[in-house]
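Numbering (my numbering), first residue to last: 568 to 842. All residues carry an ideal CB built from backbone N, CA and C; glycine is no exception.
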Amino acid sequence: MNKNIFKNRMVIGAVCIVLSLIVCFGITPLFNSGLKAQTDIVRVKSDISRGDKITDSMVEVVSVGAHNLPADVVKDKNEVVGKYAVYDMVSGDNILSGKLSAEPLTEFEYLTRLDGKKAAVSVTIPSFAAGLSGKLEAGDIISLIAVDGDTGITETPPELRYVEVLAATASSGADKVYKGNETPDDEETPEENLPSTLTLLVNMEQAELLADLENNMTFHAALVYRGSRENAEKFLTAQEQYFTKESEGNGESGDNTEQNPNENIEQNGSDTNAE
């Protein structure tokens, strides 16, 4: 009996040694080689503003690790040069196909992105403070805090937890464009340049809720995120998950957006996260 136990232990020990050798000299080198694999991608060399036609001097091809790259990262420089930037890009950004347009951007280019699934809806900013003191810009991700003047109830509807700003528009009808230095004309009539409405990208359920806010209640806009497009999409995806779960009937609506996109945000010097 003791001899059989001893033999079994020897067999188990031998098997463990063989498996460890396979892992050390077989699987691990293959895994490491996969991590070390390099691929060429196109990266921003000098800052590119939204609407700019991209030239050869603005971008460069660099070799990076092929692991965990976005599926839509551009690898051929010829696919970038001559295209137009849909979003602002800074030096060091990887160029994604979604950031490029083959056609020049129109004045209200963001309206041409509507595909029937989403709608552009404008709401009036109730007060200077309610619109973040005129500092909201296109591309910002905001939360809308609803205030019922009759009941005194204040809440953030889960349907409006993360909403993208398409434009902040002044009473003159001109969309706000960030400028580092204001012109003399701007200084003469600053009140005319303050945003009076926000145009938001929403689905129809959100649009109906916004219409109700506009007519029966009021709201306060809270800036949640300003930064790279990739990170902004994480917030919008979290909002979409709320509607997906709601349509499936899983759980209470208030619990469907508890996942915090901040946990997956890649911070960089140009990003502002102010949730």
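| Query | Result |
| --- | --- |
| Quick check on the DSSP output: the alpha helix (DSSP H) that includes Ser814 runs from which residue to which? | 796 to 815 |
| Which residue comes first and which comes last in the alpha helix (DSSP H) that contains Ala774? | 771 to 783 |
| Could you please give me the residues that DSSP links to Lys620 through a beta bridge? | Tyr651 |
| Label Ser739 either buried or exposed according to how many other C-beta atoms from any shown protein chain fall within 10 Å of its C-beta, with 16 as the threshold for buried. | exposed |
| Could you have a look at Phe695 and say whether DSSP puts it in helix, strand or coil? | coil |
| Going by other Cβ atoms of all chains shown within 10 Å of its Cβ, with 16 needed for buried, is Ser795 buried or exposed? | buried |
| From the DSSP output, which residues share a beta bridge with Met656? | Ile615 |
| Quick one: give me the first and last residue of the beta strand (DSSP E) that Gly632 is part of. | 626 to 632 |
| So, under 8 Å CB-CB, Ile621 and Ile615 are touching, yes? Tell me the CB distance rounded to an integer number of Å. | 6 Å |
| If Leu777 and Val690 are in contact, beta carbons under 8 Å, what's the gap, nearest whole angstrom? | 5 Å |
| Answer yes or no: do Leu672 and Val647 have a C-beta to C-beta separation smaller than 8 Å? | no |
| For a test of the three-state rule: what should DSSP assign to Pro762, helix, strand or coil? | strand |
| Comparing alpha-carbon positions, which option in Gln605, Val640, Ser710 lies nearest Thr721? | Ser710 |
| Can you tell which of Pro637, Glu772, Phe810 has its C-alpha closest to the C-alpha of Thr606? | Pro637 |
| Taking C-alpha atoms, which residue in Ala735, Lys801, Lys642, Gly659 lies nearest to Val611? | Gly659 |
| Tell me which residues share the same chain as Asp753 and place their Cβ nearer than 7 Å to its Cβ, disregarding the 5 neighbours each side in the sequence. | Confidence is the limiting factor: at Asp753 the pLDDT is only 47, short of 50, which leaves the residue's position unreliable, though a coordinate-based value still follows. Asn760, listed in sequence order. |
| Does DSSP put Asn635 in a helix, a strand or coil? | coil |
| Alpha carbon to alpha carbon, how far is Lys684 from Ile584? | 58 Å |
| At what residues does the beta strand (DSSP E) containing Val732 begin and finish? | 730 to 737 |
| Between the C-alpha atoms of Met577 and Gly593, what's the straight-line distance to the nearest angstrom? | 23 Å |
| For Leu727, report the span of its beta strand (DSSP E) as first-last. | Looking at the DSSP string, Leu727 is not in any beta strand (DSSP E), and its letter there is neither H nor E. |
| How long is the line joining the alpha carbons of Asp715 and Val629, rounded to whole angstroms? | 54 Å |
| Please classify Pro751 as buried or exposed, where buried requires at least 16 other C-beta atoms within 10 Å of its C-beta. | Below a pLDDT of 50, predicted positions are generally treated as unreliable, and Pro751, at 44, falls in that range; the measurement from the model is reported next regardless. It counts as exposed. |
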